[in-house]
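Numbering (my numbering), first residue to last: 8 to 167.
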């Protein structure tokens with residue numbers, strides 16, 4: 008009978024947690040999961056140390072510590088900058104369409120560059136500036152816009 012009561016209480020507790028989860032904001036859920044993972048890791052480390060397997064805990068920390076640290080730094084970019092400074096704002100956008108002179112300047116080319124030079128400069132710059140590589144959306148958009156201004160027909164590009 009005791010197991011039946013404990014099972015019913017566990018079920019009620021689980022349903023209450025689901026209802027709370029349903030109404031919670033994303034930031035609350037992320038914070039809760041972070042605490043669960045942190046407390047679980049600390050509990051596991053404590054159990055390993057108390058059971059005489061501290062060497063295993065130290066080995067796991069040596070293996071996973073750098074991975075956790077890098078993940079934390081990428082998810083908290085302000086902590087990676089000295090003094091937690093805010094990133095500088097992107098340069099002010101010029102209004103209107105980009106001129107050919109601006110496009111050459113963005114790509115670091117001299118006026119009259121060939122189509123191949125334009126494509127090479129675009130590829131080289133996008134390797135570093137692409138948002139998937141940690142670059143900024145704004146800079147990647149400017150590089151793409153510069154390439155388009157110089158290569159697209161009808162815009163006075165290299166092919167026209």
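Backbone N, C-alpha and C define an ideal beta-carbon position, used for all residues, glycine too.
Item                                                                                                                                                                    : Value
Closer than 6 Å by C-beta to residue 164: which residues in its own chain qualify, once you throw out the five before and the five after it? Chain order, please.       : Reliability fails at residue 164, whose pLDDT of 47 lies under 50, so the model's placement of it is uncertain and the value that follows must be treated cautiously. The residues are 157, 158.
How is residue 119 classed by DSSP in three states: helix, strand or coil?                                                                                              : coil
Suppose you measure from the CA of residue 130 to the CA of residue 147; what does that come to, to the nearest Å?                                                      : 11 Å
What are the boundary residues of the alpha helix (DSSP H) that includes residue 45?                                                                                    : 33 to 57
If you reduce the DSSP assignment to three classes, tell me which class residue 103 lands in.                                                                           : coil
Just mark residue 153 as buried or exposed, buried being the case when its beta carbon has 16 or more other beta carbons within 10 Å.                                   : buried
Alpha helix (DSSP H) containing residue 73: first to last residue?                                                                                                      : 61 to 82
Please report the distance separating the alpha-carbon of residue 124 from that of residue 114.                                                                         : 10 Å
Alpha carbon to alpha carbon, how far is residue 67 from residue 81?                                                                                                    : 21 Å
How big is the Cα-Cα spacing for residue 26 and residue 127?                                                                                                            : 55 Å
Output needed for residue 111: all residues of its chain with C-beta closer than 6 Å, excluding positions within five of it in sequence on either side, in chain order. : 118
Keeping to the same chain, check which residues put their C-beta closer than 8 Å to that of residue 4; ignore five residues upstream and five downstream.               : Residue 4 is absent from the model: the chain starts at 8 and stops at 167.
For the region 119 to 162, list the alpha helix (DSSP H) runs that are entirely contained and at least 4 residues long, ordered along the chain.                        : 122 to 136, 144 to 158
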